[in-house]
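Novice: Pasting a structure here, questions to come.
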Amino acid sequence: MSITILDVHSAVYGAHKGNPIYKCGFPIAGIAKVFGILNGSINREDFALCFDGDTIIKKELYPEYKANRIPDYSVYAQIDLLKELLDLCNIPYFYSKKHEADDYIFTLCHDLSLLSEGEEQITVLSDDRDMACCVTENISLRNITTNGKSITKDNFSNRTVSDKNILFNTILLYKLFHGDKSDHYTGIKIPGLSYDVLASIVVDALQPYLDSGDFCEIQYSDYDVFCVIVDSIDFISDNDKEALKHHARLVFPYRVPLGELSLQEYYQESLTSPMYKVHRKMGIVASKQIYTSTFFDICNTLGVSRKGNESQKLLDLFTIKAKALKEGDFIASKVIHKKIEKPQAGQLVNMRIDENLFR
């Protein structure tokens with residue numbers, strides 16, 4: 000089966016920054032981009048939509064994480080509305096207050112690779128090169144906004160980092176030592192250890208397990224596997240090992256629950272049920288479950304499909320949302336919400352839509 004996993008924030012941000020479009024005064028380029036992707040592919044393959052959380056774990060670990068990014072409330076407003084429109088279409092998505100889209104993308108790639116024994120063909124749509132950590136023989140990373148260029152296992156070494164030659168699936172090890180300006184953290188310095196040395200150690204440690212079929216390639220990016228390998232290094236101190244593992248927690252994605260079952264329970268399901276049924280329980284979208292009339296009305300109103308009818312109610316909603324954004328009500332709701340919530344809690348305040356809007 001073919002599955003596309005979409006980094007929603009990456010899609011919305013890229014579309015809005017690249018070519019901002021407004022309808023009734025409200026920015027819709029990002030929403031239109033996501034619905035356009037769904038409209039173009041949903042009948043051919045399954046989809047998983049992954050959102051960023053609000054107060055993510057990595058910010059608790061390191062408050063400066065992504066602190067250099069200036070909030071763009073036009074993007075936030077689109078993301079809030081997008082969730083509500085997806086709900087109206089009966090399209091599930093992955094979202095948690097404490098996790099990034101990266102965490103869900105990695106977990107989906109990891110779990111689907113194990114459950115299908117590497118047979119699932121997965122495309123990750125994201126402009127975030129961090130997601131190259133998911134690339135395997137059967138998983139590719141495709142840019143959303145830059146001509147759809149892909150990173151695959153074959154071109155991984157020369158395409159993942161500009162002007163650098165990176166060993167296959169060691170991008171996280173590279174960032175561990177060189178940092179990430181976009182995410183606002185620096186690399187770690189360990190005496191006697193560098194990216195090249197650690198990458199060689201990790202590859203040598205994992206290769207026998209990959210050859211035997213006990214591991215799959217995506218486990219290069221598994222934090223728990225990384226920690227076991229670090230603990231086995233005999234030429235660095237215990238303090239350096241702990242520092243390395245602590246810094247890696249900032250770099251490596253988290254494994255997060257998918258649906259109501261554990262990976263082991265999904266595995267048991269896969270032994271007796273076709274994989275598409277496992278997908279549904281995980282929260283992966285198929286065209287049959289979508290409220291198509293609502294979906295195409297939204298697509299038509301956004302200008303991404305001629306099917307369906309333009310919805311005056313949605314246009315009116317754009318007008319209301321635009322007013323809230325212009326007058327600062329939307330921004331104020333975010334600021335007030337952040338002040339009254341504990342650091343580790345709280346979903347962004349939404350202006351909810353009537354569930355019967357398109358019925």
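The opening position of the sequence shown corresponds to residue 0 in numbering that gives the first Met the number 0, with each subsequent residue numbered one higher. Backbone N, C-alpha and C define an ideal beta-carbon position, used for all residues, glycine too.
#1: Let me make sure I understand the geometry here. Which of L81, P70, D6, D221 has the alpha-carbon closest to that of I27?
#2: Report the rounded CA-to-CA distance for V11 versus K97, giving the unit in angstroms.
#3: Using CA atoms only, rank isn't needed, just tell me which of Y173, T3, N154 is closest to Y103.
#4: Smallest Cα separation from D239: which of P190, L260, S211, D210?
#5: What are the residues that DSSP puts in a beta bridge with I361?
#6: Buried or exposed for V334, going by 16 or more other Cβ atoms inside 10 Å?
#7: To which residues of the same chain is S149 closer than 6 Å at the C-beta, ignoring the five residues directly before and after it?
#8: For R141, which of helix, strand or coil comes out of DSSP?
#9: Using a Cβ-Cβ cut-off of 7 Å (strictly less than) and excluding sequence neighbours within five positions of Y173, which residues of its own chain qualify?
#10: What is the rounded straight-line gap between the Cα of H8 and the Cα of G186?
#11: How far does the alpha helix (DSSP H) with E241 in it reach, from first residue to last?
#12: Within 10 angstroms of the Cβ of D223, are there 16 or more other Cβ atoms? Answer buried if so, exposed if not.
#13: Hey, could you find the ends of the alpha helix (DSSP H) T293 is sitting in?
#14: Counting Cβ pairs, one atom from each stretch, are 3 or more of them under 8 Å apart for the stretch 110-129 and the stretch 214-221?
#15: So if DSSP puts K22 in a beta bridge, which residue, or which two residues, is it bridged to?
#16: To the nearest angstrom, how far is it from the Cα of I170 to the Cα of K16?
#17: Under three-state DSSP, which class holds F214?
#18: Go ahead and pull the three-state DSSP assignment for F234.
#19: Helix, strand or coil for F93? Go by DSSP, reduced to three states.
#20: Let me know if S261 comes out buried or exposed under the rule of 16 or more other beta-carbons within 10 Å of its beta-carbon.
#21: Compute the Euclidean distance between the alpha carbons of V303 and M281, then round it to the nearest angstrom.
#22: Are the CB atoms of F93 and P252 nearer to each other than 7 Å?
#23: Can you tell me the Cα-Cα spacing of I78 and I30, whole angstroms?
Specialist: In short, the structure shows the following:
#1: Counting from one through the sequence shown, the residue named residue 27 turns up at place 28. It is L81.
#2: Your numbering for residue 11 matches position 12 in the sequence shown. Your numbering for residue 97 matches position 98 in the sequence shown. Each residue's Cα considered, the two are about 20 Å apart.
#3: Sequence index remark: in the sequence shown, residue 103 carries index 104 (1-based). Ranking the options by Cα distance to Y103, first place goes to T3.
#4: Position 240 of the sequence shown, counting from 1, holds the residue named residue 239. Shortest Cα-Cα distance from D239 to any of P190, L260, S211, D210 involves P190.
#5: The structure shown does not extend to residue 361, since the chain spans only 0 to 358, so no value can be given for it.
#6: Reading the sequence shown from its first residue, position 335 is the one you call residue 334. In this prediction, V334 has a pLDDT of 49, which is less than 50 and means its spatial position is unreliable; what the coordinates show is noted afterwards. Burial call: exposed.
#7: If you number the sequence shown from 1, residue 149 lands on position 150. These residues qualify, in order along the chain: S139, R141.
#8: Numbered from its first residue, the sequence shown carries residue 141 at position 142. Strand at R141.
#9: Walking along the sequence shown from the start, residue 173 turns up at place 174. V160, I165, Y194, listed in sequence order.
#10: Within the sequence shown, residue 8 is the residue found at index 9, counting from 1. Within the sequence shown, residue 186 is the residue found at index 187, counting from 1. Whole-angstrom Cα-Cα distance: 25 Å.
#11: The sequence position of residue 241 within the sequence shown is 242, counting from 1. Start and end: 237-250.
#12: Locating residue 223 in the sequence shown gives position 224, where the first residue counts as 1. D223 is exposed by the Cβ-count criterion.
#13: On the sequence shown, residue 293 is found 294 positions in, with the first residue counted as 1. For T293, the enclosing alpha helix (DSSP H) starts and ends at 291-301.
#14: Output reads yes: the stretch 214-221 touches the stretch 110-129.
#15: Position 23 of the sequence shown holds residue 22. In the DSSP output, where bridge partners are listed per residue, K22 has F25.
#16: On the sequence shown, position 171 is the one that residue 170 refers to. On the sequence shown, position 17 is the one that residue 16 refers to. When rounded, the separation of the alpha-carbon atoms in I170 and K16 is 26 Å.
#17: Counting from one through the sequence shown, the residue named residue 214 turns up at place 215. If DSSP states are grouped into helix, strand and coil, F214 belongs with coil.
#18: In the sequence shown, the residue the question calls residue 234 occupies position 235. Three-state DSSP puts F234 in coil, outside helix and strand.
#19: Here the question's residue 93 lines up with position 94 in the sequence shown. Of the three classes helix, strand and coil, the one that applies to F93 here is strand, per DSSP.
#20: One-based indexing of the sequence shown puts residue 261 at position 262. Exposed.
#21: Walking along the sequence shown from the start, residue 303 turns up at place 304. Walking along the sequence shown from the start, residue 281 turns up at place 282. So the two alpha carbons sit approximately 28 Å from each other.
#22: Here residue 93 corresponds to residue number 94 of the sequence shown, with the count starting at 1. Here residue 252 corresponds to residue number 253 of the sequence shown, with the count starting at 1. No, the pair does not count as a contact, with Cβ atoms beyond the cut-off.
#23: Taking the first residue of the sequence shown as position 1, residue 78 is located at position 79. Taking the first residue of the sequence shown as position 1, residue 30 is located at position 31. When the Cα atoms are used, I78 and I30 turn out to be separated by approximately 7 Å.
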